Structures are given as C-alpha cells and as structure tokens.
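Residue numbers (the working numbering), protein chains in the order written: chain A, 1 to 112; chain B, 113 to 1020. Shown next, in structure tokens, is the structure this report addresses.
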C-alpha cells in the first residue's frame, strides 16, 4: 500500500460517480469502481463497496436509473445510467466544484 | 418532494426485503468479478478472495450505509416498535384488555361530549343529509345595541330574496301553526274505540312554498308531494298535505295506500299527497312531530285568517332556506341580502329606522335564530367543563399508573437491553409507542361504543341528529394518541432511569425493590382529583333532590290543563277587542261539559321584602321583626285556590265581586306560623317595598292557605308565599276538568280554533304531564351525574388497586422471607394497608383543598354563599373516597398475606 494514496474527498464521491456515468454511459457497480480507480491512477484509496450506498442515494434523488442486465463476465447485475435530472445535476455540481477549487486556488496562490 | 421521489421512497419502505436481496446479489457479483481479476493476475484462489474482500471494504458497514441512504430508517423503526408492541400486548391479553377498557372509559366520555357538541354545531336537522349548498337565510333585529334577536320574514321580503337568481337557485319559505287533526275513522285508535266519527289529535301544520321539499332535498317516501302552485294564485287553494312519518305510522298504521285518503286539519278535509321521511320534522328543530305540510296558499282558509300576509311587509311570519348557485359562497350573498333587509325595514315602518339585517349561514339543526350576542356565562361554562376534564385526568393518571406498573415489571428487560447498548431514547420511544397504541385502541373502542349506543337510542333524541363524523374520528384519535404519548412518557422516562446494577442486585434478592415514587404520586393525584369530581356531581344531585321535593306527587295534577295563548303584541295589541276575545275564550272553555272551572293565570312570581306592622308583632314567631323579610309573591285570580285544590285553612278567599280586594293578601300557612306562631294571623298587616306598584303599601292578611295540602304543586310549593288578588285577563289559562284532563285537550284546541283562530295557541298540557317531564329530566340528569360519579370512584379504586398490587408483586420475596421468619399474616396485611392508607391521606388532604375550591366555584356560579350542605357533602365524599382506597389496597394486601413462603423464595 502506497502512503501516497488519498481518501476520496468528502462529498465528492457522488460527483465522481455522476461524471463517470456521464462519460461511460450505462455501467454496473464493479466496472464503476474499477473505472474510478483507473482514472485516479491508483492514487485513490476507495473501498469499492462504498459506491453502493452512494448509488442508492443518487437513485433515490432521481439522478440515476437502474436496469438489470448481464455483465461481460456473464453475471446478472444492475446497470446504472444518468437520467435527464442527473445530467442537469452533474452540470450544477461541476460548476460548484470549479468555483470552489478556483477560490481555494486563489488563496493558495496569493503572495504576501 | 416530487412524486417520483415519493414513489421511490415508498418502494424502499414496502419492498425493503427485495431491495436488500438485490443489494446482496449485486455485492456478491462484485466480489466474484473482483476475485476473477485477482486470479487472472496470478494469485491463488484464497489470496484472490481475500484481496477482493479487502478492496471491497466492510460489507456490513456498507449494508448499514445503504439502509441509511434509503431514508426510511425512522419510519422503519416505528413500524418495528409497533410490531413489538403488538407482540408484547398479545402475550398478556387480559391485562391489555383491562388497560384498554380503563382508558376507553375516559376517552369515551370526552368523545361523547365532543360528538354531542359537534352534532349540535354541525349537523343538519333530523331526517336531512348535509348539503353544502343549503343555507339558512336568517333575520336579525338589532334594535338594542349589543344585543341581537332573531326575526322572521314577511312574504314580500321573501319574494325579494327568491328573485336573486344570480345568488340562489331557489329559496323556500314556511310558517308553522298548531292545529287540530282529525284522522277520522281511518285511524287505528278510532277502529279500536268503536268507529267513532271524530278522532282528534293536536299537532302542527307547516305551510310551505311549493319548492320547500325540493330545496331541502327531502323526498317524500310515498306519494308525489305538494303540487307546484304559487301561494298568491287567486284560484281556490288545493287542500293537500304531506304527513309526517309519525302521523302515518301512528294514525294510519303505516298503510301503504295512505296517499289519496283524507284527514281533517282544523276541520277542513285535506287530501294526503305524500309521507315525509322518518325523523324529518322540517328545517327548524323542535315542535310537534305530529305534523302536516300544506301549501302556503291553504293558510288563510285553514287558520281562518286573511291572505293579506302575502302583501304586508309588517306580517313577519316566515322562515327561509335557500340553495346557493354552484360557485357562490354564503358570505358572497351578504351585501345583497342586507340591502334587501334594510329596504324591507323601510317598507315595514317608514318612519322609524329599524336596525334590521339578514345573514346567510349553512343550514344546521340549531341555528334558526342568530346568536344573541350576549356575553357567554364563563363561570357556568368552566364549571360544566370541569367534570369531563376531571374524569379524563383521573383516567389518565390511572392509565399512567398501569403503564408505570408495566414498565416497572419490565425493568429487568429494559435494564438488559440498556446494558446491551440500546439507547435510552430508543427504549423510551418504544414504551411511548406502546402506550400511544394502547390509547388509540381505547379511543377506537370508546368511539365504537358511542356509535353503538347512538344506533340503539337515536330515535329518542328527536330534535337533533347525532352523528359520528370525520371530526369526531379526528378528535378521538388525536386526543387518544396525545394522552397516550403524554401519559406514557413519564413512566417510560422513569423506567429507563435505572442503573443496571440496581436491577440485577434486586434480582439477586438482597435489595428490597425500590418503590416507585411516581406510582405513589399518581395514586395521590387520583384520590385528590376524585373528590372534587364527586363533589360537583353530588352537589348537583342534592340540588335536584331538593327540587324534586318541591314537586309533590298530586292527585289533581292530571285534572288541570295549562293552556297558553301567544298574546305577544306582535299578534295584535291588548285592546278592547283582544280582551273580549280572551273573555270569550274563558266562557267558551267553561261551557264545555268536561270543564269545572277556568282561571286566568298571571305570571308574576317575584320576590320582594315585607315588614310586619309594629302593632302586629307578637311573641311566638321565630323571625326578627326588625328586618325586612323576603317573600315570594304570586297573583291568585278568583277561584284559583279551589281550582288548584289549595285548602283555605283560615279566613277567606279573595272577594271575586270587588275588582280588587284592595291591599288584601292571602299568605301561606308556613309563613303564618313563622310570623305569628299559633296566634290568629287574620287582620294583621304588612308594609311592602315591592317594585311592583300593585303590591306596594299597606297589606292586610285576609286568609291563610296550606299549599302543602294542595292537590297539585302550583308550580313551586313555596313556604314564604304571599298571594295577591288578580283579575287581569291573560292568555295563560288553568282549566280544571271533571275527569282526567288528557282526553279533553282536542276539544280545548278545537274550541280555541273556532273561537279565536287568529290567536296562536302555544300549547295545551296537563299539569301532570309538565310535572312528569320535569321529574323525568331531573331523574335523567341525576342518573347521568350519579353515573359519572360512580365512574370516577371506580377509576380511582382501580388505580389504587393497581399500585398496591404492583407493590405486592415487587416484594413477593421479601414477604416470603418475613413469613418464613415468623411474621404473621396480620402484620403483612398491615404493611401494605398502611402504605395504601398513607397515600390515601396525602390524597385526601390535597383533594379536600381542591374540593373547597370547587365549593367556592359552585357558590359563585349560583351567586350564593357557600352552603353548609355542600361542605358536609365534601366531608362525606372524603370519607367514602378514603374508604374505597383502603378497600382497594386491602384486597392485594390480603393476597400478599397468603403468599406461600416456599413459592415466594423459589421464584427467580
């Protein structure tokens, strides 16, 4: 285990999942988790299981929908995809995130 | 919350198991896929599985998070609590039923009061269904500022409302009168009586516009109903009638072919065209149920009056109901109807500015007249609310005692759960859920019992339709759950405040059970509250017993008729003409073969003070002659004493030939005895300071009567009574008959109708009937009051019993030990009895204080001083309550004494 790995920043898992589904289309739980790990270049410490509560929460809010299907390894799994509301929500969250990071960045760049 | 999200939430709630299963399946698939990847990377199967699990994280924690994510946690735990409560109560059905019954009593009393008041305020008149568009148009007369009285409408004013087509789709009008019905030989009674031609009954007629039934939404159960004829149609009016259900049932034997037959109304044959539904008695409550509905145009002929009321603005006799156009609210009509009212006032009396007005309100049973605008009697209201509130408090303390006992009995369960890590909040919530559920069940039971009782007794309440509607349901369930929560909370908090070690030590048997202070407090509260409740009831009963005492049963009462005409100036001034009419009526009645005598009664029962003339003061009386003496005055017309069967024990009656026997009075024997002892009272003098001119000045006693020996109670058999001579003509007649007076009533009505058809006859009753109905209503109220008192006493007995029982239950081991060590049974009984006694005494002290407050309140409500009788009653009640409390603790105490030491020590 590398000590370089960081935790998923608080509250960003939802954003990460929405963005993943937006880029990749319908996916099942395992491939979502793998995709996040790959994108993070193995620098992220993620309990893969923790995406499931997040997926339930997103579904309850109506941002993603589920469908049963067959995975590439021939298992019955749920496929998740974005709804129209989810696409809108993603735009809002991305904008929020960018504003927040830009703000923090400004503070960090500020010189005496 | 959008519908879609609500749907998902509900899905999470109702398909929880399926969702959990699906999540399991998903996670297994995930782990399998992950394992495969590690295998492909060259790990052994065992290593691969472990790596996959490590990568996945703590499966149980994730499941918990998933449950939280669904957002149904709170409600799920409530459901779990309810399930647990049902199982818990199911295990002990007997004590559960007891608790529900005790609770149901208290909630039921309040629900019953609510149902009654709600029906009074919200229900339509009997026999009708509630309809939103149906309104009453009410006349208001505000001639006196700050005080309103109802008024009725003239026919021209009615026409104006009816012509407001934009507001009302229809307006109907009616007016009622007392009539004599002759159901002739059709009647059952006639057939039994041997085919007599006449079969007279007194009843009421309601003269209505043709659209009356249609507007009220009432359809005759037989026949086509009244024909559509305008009241002012010049042609001869059709003499047709819709008869009430009671008339149909009682006088026509509910014959299915009654339509088309005739009956006589005030002597005129009228054809029956319909039968009204059961219980329907018109849009105004009260009045005879023996009723016929006739066209308004038939009124002049049947009531022997003119049709001028159809034109005059100042003959206001009509009541109105209207049906609003759809989309129109009652208050939207107000400006228009008020404008009509002021126009009508101008028409009726152009020279005076009458403050007449009109309002429009939903039609309910009891709102024929507008509220008077008088300030409500707050003390009276508070007193009448006191009893139900006390009963609820007593019940609630009772249930709280039971719940507390329950919680104490479960303290080991609770302690174990607490020690296993259950949150205190969680356990409190569960206990409160249990008590709320209990209360809810009790509320349902109470309401069900009320509904059953109404089903059984509804027809005995003719003037109002008592309904259990959604308001009653909402009130009862809200009230039940609220009391359940409020009174379940404190035992729950109390029970969870235990230290585990205490409980387990207790179980080990070394420590005597910590007695619940809360329970004791509740018993004290109960004993304290029962006393004022009983006192209020007792004072009521005492008062009524006193009233009943003033109503001696009498042999003559059924031979005296009380006949009242309405001589209100509204129906014509008291002029020469009217006096002639009254005199003619008296003569006419006196001429009837069954009648012995007629006197005109003056309603002048007033109180004033007299002072005995100094020369006429004698030793021997037991009054203080120097102070004014309160007396009650009554006017006695010539012949009054003999008619009422009141014997003159000394002196003489008033001289009927003098127009007034000036200054002469007749006094009651009791007053004579008190004033002058055995000395002769005749010729002795008073002076009076009566506000009534007629009674003022020098008065001389000419006779003494003994009302207690009277054949009747002449109203009140008073002791301090002074009679004045009276020759005034009034519309209130007393008629003595030869035999029983009841059968003479139709003849009296018929005579009144032919002699003075224009004078409204308010009523004809026998004194016996009046007395009987007074007695009946007194007995009914007394039964109700006694019942409530018994209920309160019973409830507090249960409470005390429960507490001492629980105390015994907690100390079984201790008792066993004591008995084993040689304590005798008397000592054990005394141990618990003293505990009951101590609680009772504390309750007694508090209760007496409360009782004194009630005594004061009662006195204030009646505007009297505190009466010695009430104080005595309070003392008596205190004794009874203490006695009952002791008895209730004696039973479990005795049971404790018979505990077998071996059994007691073997438990646990």
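Where a beta carbon is used, it is the ideal one built from N, C-alpha and C, also for glycine. Just so we're clear, the structure is a prediction, and the values are computed from it rather than from any experiment.
Let me check understanding here. Comparing Cα to Cα, which of the options lies closest to residue i?
| i | options | result |
| --- | --- | --- |
| residue 791/B | 728/B, 853/B, 755/B and 712/B | 728/B |
| residue 249/B | 692/B, 270/B and 235/B | 270/B |
| residue 890/B | 655/B, 359/B, 841/B and 852/B | 655/B |
| residue 866/B | 235/B, 898/B and 700/B | 700/B |
| residue 88/A | 13/A, 12/A, 19/A and 11/A | 19/A |
| residue 239/B | 357/B, 939/B, 926/B and 966/B | 357/B |
| residue 47/A | 313/B, 139/B and 897/B | 139/B |
| residue 635/B | 432/B, 994/B and 372/B | 994/B |
| residue 592/B | 222/B, 165/B, 966/B and 776/B | 222/B |
| residue 382/B | 526/B, 161/B, 588/B and 406/B | 406/B |
| residue 318/B | 876/B, 408/B and 744/B | 408/B |
| residue 247/B | 597/B, 445/B, 564/B and 527/B | 445/B |
| residue 838/B | 712/B, 858/B and 981/B | 712/B |
| residue 566/B | 998/B, 991/B and 228/B | 228/B |
Is residue i helix, strand or coil when you go by DSSP?
| i | result |
| --- | --- |
| residue 1007/B | helix |
| residue 706/B | coil |
| residue 799/B | strand |
| residue 620/B | A caution first: residue 620/B carries a pLDDT of 40, below 50, which makes its placement in the model unreliable, though a value can still be read off. Three-state result, residue 620/B: helix. |
| residue 837/B | strand |
| residue 303/B | Here residue 303/B scores only 43 on pLDDT, less than 50, and its place in the model is too uncertain to base an answer on. |
| residue 830/B | Per-residue confidence for residue 830/B stands at a pLDDT of 47, beneath the threshold of 50, marking its modelled position as unreliable; the derived number appears in the next sentence. In this structure, residue 830/B counts as coil in the three-state DSSP scheme. |
| residue 448/B | helix |
| residue 825/B | Because residue 825/B sits at a pLDDT of 46, beneath the cut-off of 50, its placement in the model cannot be relied upon, and the following sentence gives the value as read from the coordinates. In this structure, residue 825/B counts as coil in the three-state DSSP scheme. |
| residue 890/B | helix |
| residue 294/B | strand |
| residue 746/B | strand |
| residue 416/B | coil |
| residue 133/B | helix |
| residue 502/B | helix |
| residue 608/B | coil |
| residue 20/A | helix |
| residue 364/B | coil |
| residue 626/B | Note that residue 626/B scores a pLDDT of 46, beneath 50, so its modelled location is shaky and nothing firm can be said. |
| residue 665/B | Confidence is the limiting factor: at residue 665/B the pLDDT is only 49, short of 50, which leaves the residue's position unreliable, though a coordinate-based value still follows. Looking at residue 665/B - three-state DSSP - the assignment turns out to be coil, as it is neither helix nor strand. |
| residue 730/B | coil |
| residue 959/B | helix |
| residue 390/B | coil |
| residue 308/B | Annotation note: pLDDT 44 at residue 308/B (below 50); position unreliable, coordinate value reported separately. Note: residue 308/B maps to coil in three-state DSSP. |
| residue 353/B | strand |
Kindly identify the DSSP beta-bridge partner or partners of residue i.
| i | result |
| --- | --- |
| residue 317/B | 289/B and 404/B |
| residue 67/A | 79/A |
| residue 779/B | 816/B and 834/B |
| residue 376/B | 294/B and 381/B |
| residue 471/B | 250/B |
| residue 844/B | 676/B |
| residue 539/B | Per DSSP, none; premise fails for residue 539/B. |
| residue 198/B | Answer is none; residue 198/B lacks a bridge partner. |
| residue 262/B | 252/B |
| residue 431/B | 286/B |
| residue 721/B | 742/B |
What in chain B is Cβ-close to residue i, meaning under 9 Å?
| i | result |
| --- | --- |
| residue 38/A | Residues of chain B passing the Cβ test: none, with the nearest at roughly 12 Å. |
| residue 52/A | 135, 138, 139, 142, 174, 175, 177, 178 and 181 |
| residue 77/A | 137, 138, 141, 142 and 145 |
So which residues of chain A does residue i contact, with C-beta pairs closer than 8 Å?
| i | result |
| --- | --- |
| residue 146/B | 30 and 48 |
So with CB distances below 7 Å, who are the chain B contacts of residue i?
| i | result |
| --- | --- |
| residue 56/A | 178, 181 and 182 |
| residue 73/A | 145 and 148 |
Quick one: list the residues of chain B neighbouring residue i, beta-carbon separation under 8 Å, in chain order.
| i | result |
| --- | --- |
| residue 62/A | 114, 116, 117 and 120 |
| residue 59/A | 120 |
| residue 92/A | None at all; the shortest Cβ gap to chain B is about 17 Å. |
Any heavy atom of the ligand GDP inside 8 Å of the beta-carbon of residue i?
| i | result |
| --- | --- |
| residue 655/B | Looking at this structure, you won't find the ligand GDP or any other ligand, since it has none at all. |
Can you name the residues of chain A whose CB is closer than 7 Å to the CB of residue i?
| i | result |
| --- | --- |
| residue 154/B | Ordered by position in chain A, no residue passes the 7 Å Cβ test against residue 154/B, which lies about 18 Å from the chain. |
* **alpha helix (DSSP H) runs wholly inside the stretch 891–954 of chain B, at least 4 long, in chain order** => 924–932
* **alpha helix (DSSP H) runs contained entirely in the stretch 139–172 of chain B, provided each spans 4 or more residues** => 157–168
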